[in-house]
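Reading the sequence shown from the start, the letters are residues 266 to 560 in our numbering.
The beta-carbon is built from N, C-alpha and C at its ideal position, and this holds for glycine as well.
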Amino acid sequence: MAKKPVKYYVVDAFTDSPFKGNPAAVCFLEDERDDEWLQAVAVEFNLPMIGFLTPDQNSTRFNIRWFTTVNEVPLCGHATLAAAHILFTKGLVSSDLIEFDTLLSGILTATRVNDCTFANGSTMQNGKIQDKFLIELNLPAIPNVEFNSTDVSAISQALGGVPIVEVKKTADNRLIVLLPSAKCVEKLLPKIDEILNIPDADGLIVTGVAPPDSGFDFKSRFFAPKLGLNEDPVCGSAHCSLAPFWNKKLAGKCDFVAYQASHRSGILNIHIDVKNERVLLRGKAVTVMEGSIFA
266 MAKKPVKYYV
276 VDAFTDSPFK
286 GNPAAVCFLE
296 DERDDEWLQA
306 VAVEFNLPMI
316 GFLTPDQNST
326 RFNIRWFTTV
336 NEVPLCGHAT
346 LAAAHILFTK
356 GLVSSDLIEF
366 DTLLSGILTA
376 TRVNDCTFAN
386 GSTMQNGKIQ
396 DKFLIELNLP
406 AIPNVEFNST
416 DVSAISQALG
426 GVPIVEVKKT
436 ADNRLIVLLP
446 SAKCVEKLLP
456 KIDEILNIPD
466 ADGLIVTGVA
476 PPDSGFDFKS
486 RFFAPKLGLN
496 EDPVCGSAHC
506 SLAPFWNKKL
516 AGKCDFVAYQ
526 ASHRSGILNI
536 HIDVKNERVL
546 LRGKAVTVME
556 GSIFA
């Protein structure tokens with residue numbers, strides 16, 4: 266029996282403007298598909314991430330898996346936000362809370378939260394009141410530890426020779442690289458081939474404190490060529506590492522507004538629950554295309 270076409274959507278996450286933020290494809294699977302097919306679809310889309318959803322017996326719970334063009338990953342914030350955006354906007358769930366069951370990151374939740382631009386959670390668009398909302402993701406906080414290597418110069422060279430203040434290693438095998446300022450983060454010119462050759466790290470999360478008058482607490486960029494992402498436009502999972510990092514750097518601060526300074530850019534509202542080791546990420550999303558996969 267031929268398998269049913271797979272419905273997909275492409276969503277720009279952590280933005281309210283098309284062609285900004287981080288794009289992700291969201292595919293709804295009704296038939297079982299093997300990992301080879303899932304990876305082939307990810308390569309075909311050639312986006313930073315693709316999320317595959319399968320329904321659970323519970324109408325507000327879905328199984329989710331994430332793939333880059335290279336491999337499956339244990340956690341992806343922006344593709345989860347994209348999936349929740351489609352489920353909410355297409356009326357596929359009746360609740361304001363969605364649960365996502367993952368292979369390696371436990372149960373994640375997405376909550377629809379009113380955007381307070383207007384008192385009733387709506388905004389004006391083309392002269393009409395439009396329902397608008399934020400999506401709040403409840404994700405695991407990813408701790409960091411001291412980076413034992415003394416060869417920080419190789420990291421600096423891979424980032425175009427920028428001065429490095431500090432390096433930490435995250436529990437998911439990435440390096441947090443602190444620069445003197447957000448301006449250094451924005452201006453750096455990465456050498457992707459050299460980042461690819463940095464041992465014992467799947468990617469570099471480069472960050473710096475933002476100016477007081479910028480409206481942001483910190484800015485960042487994320488380079489992960491080993492995962493098929495030379496530069497990730499806006500990375501939710503990276504901010505699951507940045508939240509505990511900046512919580513310590515900024516004297517126990519728990520609420521942040523973060524800016525990812527990629528060419529597409531993105532804004533994240535963040536709260537860290539230190540006691541329960543959870544990170545709440547709030548953001549918007551916009552659907553840019555939809556279609557079906559027939560293969």
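**OP:** Counting only the same chain and skipping the five closest in sequence on each side, list residues whose C-beta sits under 6 Å from that of A503.
**Re:** I470 and F487
Subject >> Alpha carbon of V417 to alpha carbon of N438, nearest angstrom >> reply: 16 Å
**OP:** Count the other C-beta atoms from every protein chain shown that fall within 10 angstroms of the C-beta of F559, then say buried if there are 16 or more, exposed otherwise.
**Re:** exposed
**OP:** Using 10 angstroms around the beta-carbon of F521, count the other beta-carbons present and answer buried if the total reaches 16, otherwise exposed.
**Re:** Around the beta carbon of F521, a 10 Å sphere encloses 16 or more other beta carbons of the protein chains shown; the residue is thus reported as buried.
Subject >> At least three beta-carbon pairs within less than 8 Å, the stretch 327-334 to the stretch 272-286 >> reply: no
Original post:
Which whole-angstrom value describes the C-beta separation of E398 and D380, a residue pair presumed to lie in contact below a C-beta threshold of 8 Å?
Top reply: Reading the sequence as shown, one finds Phe at residue 398 and not Glu. Correct: roughly 6 Å between the Cβ atoms.
Subject >> In DSSP terms, what H536 is bridged to >> reply: D520 and L545
**OP:** Could you tell me if A305 is buried or exposed, where buried requires 16 or more neighbouring beta carbons within 10 angstroms of its beta carbon?
**Re:** exposed
Subject >> Beta-carbon spacing of P498, R529 below 8 Å >> reply: Taking 8 Å as the Cβ cut-off, P498 and R529 qualify as a contacting pair.
**OP:** May I ask you to verify whether the stretch 435-450 touches the stretch 472-481, counting CB pairs closer than 8 Å and requiring at least 3?
**Re:** With a cut-off of 8 Å, the stretch 472-481 and the stretch 435-450 count as touching, because enough Cβ pairs lie within range.
Original post:
What is the residue span of the beta strand (DSSP E) that G316 lies within?
Top reply: M314 to P320
**OP:** Round the Cβ separation of F588 and C292 to the nearest angstrom and send it over; I've been treating them as touching at under 8 Å.
**Re:** For residue 588 there is no data in the structure shown, the boundaries of the chain being 266 and 560.
Subject >> Alpha-carbon to alpha-carbon, S485 and N512 >> reply: 15 Å
Original post:
Less than 8 Å separating the beta-carbons of E555 and Y273?
Top reply: Cβ atoms of E555 and Y273: closer than 8 Å.
**OP:** Please report the residue range of the alpha helix (DSSP H) in which T354 lies.
**Re:** G342 to T354
Original post:
Do the CB positions of N544 and A375 come within less than 8 Å of each other?
Top reply: This sequence places Val at residue 544; Asn is not what is there. For V544 and A375, no; Cβs fall outside 8 Å.
Original post:
Using the rule of at least 16 other Cβ atoms within 10 Å of the residue's Cβ for burial, across every protein chain shown, is K433 buried or exposed?
Top reply: buried
Original post:
Hey, G501 and L546 are a contact pair by Cβ (cut 8 Å); roughly how many whole angstroms apart?
Top reply: 6 Å
Original post:
For L369, which residues of its own chain have a beta-carbon under 6 Å away from its beta-carbon, when the five flanking residues on both sides are left out?
Top reply: Within the same chain, L369 has close Cβ partners P339.
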